[in-house]
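**Student:** The structure that follows is given in the form of structure tokens.
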Amino acid sequence: MTRLRWLILVAVFAMVAAACSTGGATTTTAEGGGEGAGGVEGVEFTLFGAPTGAEGDAMSGFVNVYNKEKGTNIQYVGSDDFENQLRIRVEGGDPPAVAFTPQPGSICGFADDGKLVSLEDLGFDIAKLEADSGKFWMDLGKCADGKHYGLPWFPNYKSLIWYVEPTFEKEGYQIPETWDELLALGDQMLADGYTPWCFGFESGNATGWPGTDWIEDIYVREAGADMYGKWFRHEIPFNDPSVAKAFDTFGELFFRDGFVLGGPENVSAISFKDAPLPMFDEPPKCLMHKQGSFVTNFFPEGGEDIVKFFPFPTIDGNGGAMGGGDTIIVFKDDPGIAQVLQDWVSADWECVLASPSGGTASKYGGHGVAGVERLPGNKDVPVDCYETDTNKTLAKVITDALASNSFVFDGSDLMPPEVGQGTFWTGMVDWSKGKATKDVIDAIEASWPS
Amino acid sequence: MGTTPSLADHDTTGTSSDGGGPNGGRLGALRTVAAVAAIAAIIVVLAVSASYLRDENANRLLQVLLAIALGVVGVWAFYWAMDRGVSALPEALSERVRPIVFVGPAAVILGVYLVYPAINTIIISFMDRQSENFVGVDNYIDVFTKSDTLTSIRNSILWVIIVPVITVAIGLAFATLVDKLSKRSEASAKSLIFLPMAISFVGASVVWGFVYSFRPAGFGNQIGILNAIWTALGNDPINWLSVQPWNNAFLMVIVIWAQVGFAMVILSSAIKAVPSEIVEAARIDGASEIQLFWKVVFPSVLSTVVVVWTTLVITVWKLFDIVYVMTGGRDGTSVIAERMVTEFFKNFNFGAGAALAVILFVAVTPVMVINVRRFQAEEAIR
Chain C
17 MTRLRWLILV
27 AVFAMVAAAC
37 STGGATTTTA
47 EGGGEGAGGV
57 EGVEFTLFGA
67 PTGAEGDAMS
77 GFVNVYNKEK
87 GTNIQYVGSD
97 DFENQLRIRV
107 EGGDPPAVAF
117 TPQPGSICGF
127 ADDGKLVSLE
137 DLGFDIAKLE
147 ADSGKFWMDL
157 GKCADGKHYG
167 LPWFPNYKSL
177 IWYVEPTFEK
187 EGYQIPETWD
197 ELLALGDQML
207 ADGYTPWCFG
217 FESGNATGWP
227 GTDWIEDIYV
237 REAGADMYGK
247 WFRHEIPFND
257 PSVAKAFDTF
267 GELFFRDGFV
277 LGGPENVSAI
287 SFKDAPLPMF
297 DEPPKCLMHK
307 QGSFVTNFFP
317 EGGEDIVKFF
327 PFPTIDGNGG
337 AMGGGDTIIV
347 FKDDPGIAQV
357 LQDWVSADWE
367 CVLASPSGGT
377 ASKYGGHGVA
387 GVERLPGNKD
397 VPVDCYETDT
407 NKTLAKVITD
417 ALASNSFVFD
427 GSDLMPPEVG
437 QGTFWTGMVD
447 WSKGKATKDV
457 IDAIEASWPS
Chain B
19 MGTTPSLADH
29 DTTGTSSDGG
39 GPNGGRLGAL
49 RTVAAVAAIA
59 AIIVVLAVSA
69 SYLRDENANR
79 LLQVLLAIAL
89 GVVGVWAFYW
99 AMDRGVSALP
109 EALSERVRPI
119 VFVGPAAVIL
129 GVYLVYPAIN
139 TIIISFMDRQ
149 SENFVGVDNY
159 IDVFTKSDTL
169 TSIRNSILWV
179 IIVPVITVAI
189 GLAFATLVDK
199 LSKRSEASAK
209 SLIFLPMAIS
219 FVGASVVWGF
229 VYSFRPAGFG
239 NQIGILNAIW
249 TALGNDPINW
259 LSVQPWNNAF
269 LMVIVIWAQV
279 GFAMVILSSA
289 IKAVPSEIVE
299 AARIDGASEI
309 QLFWKVVFPS
319 VLSTVVVVWT
329 TLVITVWKLF
339 DIVYVMTGGR
349 DGTSVIAERM
359 VTEFFKNFNF
369 GAGAALAVIL
379 FVAVTPVMVI
389 NVRRFQAEEA
399 IR
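Residue numbers (my numbering), protein chains in the order written: chain C, 17 to 466; chain B, 19 to 400.
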């Protein structure tokens, strides 16, 4: 009996040892590469990011195309809990070699702790990156030591208003180009018996964010990109009169009688995913809706043939382009990795990342996952990289904005989480239910961490 | 990981003293070495497999199998090897070492996972958001001056006053009533009422999310039963979860619904334990059923009522999931535990989160003390 027990023990030991030796082998290969400074062949590292599911498969697809083309051995690992996992791994002394984050606000936290390698040290041409992807985006990764730590990769776009095209054609509505035209169009629709707008602020524990997008789009037009920067950096207080003005401007539309389907006080009970759906009813229950480029994911089959978009109108003659985006950060100083990343942000490889086939413009094909398209983070990416007309148009808007440096980031993503993912969101909910603008912005200002 | 080195140290000291001991023969020394080797081997196996489990590039299937093997066999193997190792020691020494070997790991684990975090939390609550500098009682001042935390404290107090009392009352009523039923219908009635206990609070929130569901005009039919009834009576639909302050009550209903079964089952067994002689004597004396309940049954089960009540109070102080899932604390529904999680994991303000944790800890303590005192008093009677 005792002997048998010892035997089992030895067997367990052997099994574990065997398991470990295979594990050990994998780890060593992961650290092996990066010797040939000139080329990228044989470079090996793990890329860590937030996309999972089909989006994650598309990332893996992209990486595989690159591996095949260049003889590298790069692996993509995605996590639904990316922000927390990244923090834990970095603080635990086990950071991934390369990651890409949707929260540019977190970059300098890592950089100031000395965890990141700057783009300057990796040999990037900062002036060229600023020309390709816009100075605003590059500045988000510019930290206390004056160096840049964030490499812009691919954006999404939010300054869009979606509309029911058949009804616009039938009634002869013109696409509004200014805020006043937008309000006048709403009045016209109301007079014709339509409800102009659909809103939906509900998003689980992120409820309220669609409202912050409105304020941001209005603010960047009314106050300009400089003030916008001061606003999210808290160089002006949140209850500054310029912010109050943006709320009041939004209120002209949001609280106008009959403008909002279901009533403005109820929009926080409507999921942002359900909000566009009444546009597809017959006859449509509302005709316009503002949301980011990802809204098409919630459309019914063939919805993109009915609901199209126009750019958010100008205010006082000022336009703007607002969105979010994924930014690459590098934890490991390695010339091979730098070379790979140089490739990835080039127009050629962003084209592979862009769509399943890479459209008609890609040298190397696409990432191969149907239904996933990503907007370009480099102004030189040709629109022919995209398969759908919607994304071709969007890509054009984005590349123009990047080239003219008018692309700004979603401000709430750049504010500290107490505000940007907290009181700004809940403040929009309170405001939609009728709480006075002054009380709302005073409360948000009071919550800003000192 | 933290436990193993200390145990290894522990054991080597045991061996060295044995080596110098007078009655350590050659065979004894050999056995001791073998025992130490076995223990060392087990510790190495555990350490190596633990590090393998954390390897991201490793084979997932192997990791899962190893985790199961480690969980089932690892603890057993560890204690078994320890026991063997101790037995191999000279008898006088082994009897002294054995209790330490068996209680030691548990004590260490308790210390590492319970005592140390509690002390650390208290320290962090006096530090800034990144736990870098001491800031005195600033975090506590913030908690008691900011409007959102004040709301959460007010709500938590309301929860603690209202929910346990109502739950116990309904549970007691059910327990008394089902006691009058026939055996078979009693069992089925009890299991029906007990059923929600099997659902997690998050699951219950999903269920009740449908009950309270609301769709503004233009966004389709009401799918929530409450609004379906409400609109059938000719009213406009209501967004129940944003009607202050009643939305708090709507959330409390969920906890009561989920916990009434627990109260009923415990109280029912207490009622059954009331000696039938006393009940019959009261009946013969002409007591009405209501008098019987208040004068005989209720005093007999009072200690159980207190136990159930304290358990519920602790549950409710710590309540987080229902509020987090249903409203996320919006519209004036936040509670302390929900604020704590938000401060820690969303705002990364460790100071504020820890201060809320300490407040929660202090709030739960008197209830715990009552519970333990009562338990001890009852043990003393037995």
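All C-beta atoms in this analysis are idealised placements derived from N, C-alpha and C, irrespective of residue type, glycine included.
1) Does DSSP put residue 245 of chain B in a helix, a strand or coil?
2) Any Cβ of chain B within less than 8 Å of the Cβ of residue 301 of chain C?
3) By the 10 Å Cβ neighbour count, where 16 or more other Cβ atoms means buried, how is residue 434 of chain B classified, buried or exposed?
4) Taking residue 182 of chain B and residue 330 of chain B to be in contact with their CB atoms under 8 Å, please state how far apart those CB atoms are, rounded to whole angstroms.
5) Please compile the residues from chain B whose C-beta is within a distance smaller than 8 Å of the C-beta of residue 211 of chain C.
6) So what's residue 136 of chain C in DSSP terms, helix, strand or just coil?
7) Please name the residue in C:401, C:182, C:127 and C:347 whose C-alpha comes closest to that of residue 373 of chain C.
8) Along the alpha helix (DSSP H) that carries residue 330 of chain B, what are the first and last residues, could you check?
9) How big is the Cα-Cα spacing for residue 390 of chain C and residue 365 of chain C?
10) By DSSP, does residue 193 of chain C sit in helix, in strand, or in coil?
11) Taking only beta-carbon positions, decide if residue 460 of chain C is within less than 8 Å of chain B.
12) Can a CB atom of chain A be found closer than 8 Å to the CB of residue 172 of chain B?
13) In the DSSP assignment, what residue or residues form a beta bridge with residue 60 of chain C?
14) Would you list the residues sitting across from residue 423 of chain C in a DSSP beta bridge?
15) Compute the Euclidean distance between the alpha carbons of residue 140 of chain C and residue 393 of chain C, then round it to the nearest angstrom.
16) Name the DSSP beta bridge partners of residue 276 of chain C, please?
17) How long is the line joining the alpha carbons of residue 363 of chain B and residue 356 of chain B, rounded to whole angstroms?
18) To the nearest angstrom, how far is the alpha carbon of residue 465 of chain C from that of residue 432 of chain C?
19) Is there a Cβ of chain B sitting closer than 8 Å to that of residue 294 of chain C, yes or no?
20) Output needed for residue 384 of chain C: all residues of its chain with C-beta closer than 6 Å, excluding positions within five of it in sequence on either side, in chain order.
21) Can you check whether the C-beta of residue 49 of chain B is within less than 8 Å of a C-beta belonging to chain C?
22) Please report whether the beta-carbon of residue 437 of chain C lies at a distance below 8 Å from any beta-carbon of chain B.
23) At which residue ranges does the segment 105-146 of chain B contain complete beta strand (DSSP E) runs of 3 or more residues, listed in the order of the chain?
24) For residue 451 of chain C and residue 262 of chain B, I'd like the C-alpha separation in whole angstroms.
25) For residue 433 of chain C, go through chain B and note every residue whose CB falls closer than 8 Å to its CB, in chain order.
26) Looking only at DSSP bridge pairs, what is residue 304 of chain C linked to?
27) Do you know how far the Cα of residue 292 of chain B is from the Cα of residue 317 of chain B?
28) Give a yes or no on whether 8 Å exceeds the smallest Cβ distance from residue 280 of chain B to chain C.
29) Give a yes or no on whether the C-beta atoms belonging to residue 119 of chain B and residue 100 of chain B are separated by under 8 Å.
30) Looking only at C-alpha atoms, which of C:267, C:190 and C:406 sits nearest to residue 467 of chain C?
31) Note down, one range per segment and in chain order, each alpha helix (DSSP H) of at least 4 residues found wholly within the segment 427-453 of chain C.
32) Identify, in the order they occur along the chain, each residue of the same chain with its Cβ nearer than 8 Å to the Cβ of residue 204 of chain B, setting aside the five sequence neighbours on each side.
33) Counting along the chain, where does the beta strand (DSSP E) carrying residue 167 of chain C start and finish?
34) So, does the CB of residue 348 of chain B fall closer than 8 Å to a CB anywhere in chain C?
35) So, helix, strand or coil for residue 381 of chain C, using DSSP?
36) Just the Cα atoms here: how many angstroms apart are residue 197 of chain C and residue 256 of chain C?
**Tutor:** By the coordinates alone:
1) helix
2) yes
3) Nothing about residue 434 of chain B can be read from this structure; chain B reaches only from 19 to 400.
4) 4 Å
5) 236
6) coil
7) C:401
8) 316-335
9) 12 Å
10) coil
11) no
12) Among the chains of the structure shown, chain A does not appear; the protein chains present are C and B.
13) C:89
14) C:337
15) 16 Å
16) C:213
17) 11 Å
18) 8 Å
19) yes
20) 77 and 372
21) no
22) yes
23) none
24) 13 Å
25) 364, 365 and 366
26) C:179 and C:213
27) 10 Å
28) no
29) yes
30) In this structure chain C extends from 17 to 466, so residue 467 of chain C is not present and cannot be described.
31) 427-430 and 440-448
32) 196 and 197
33) 167-173
34) yes
35) coil
36) 27 Å
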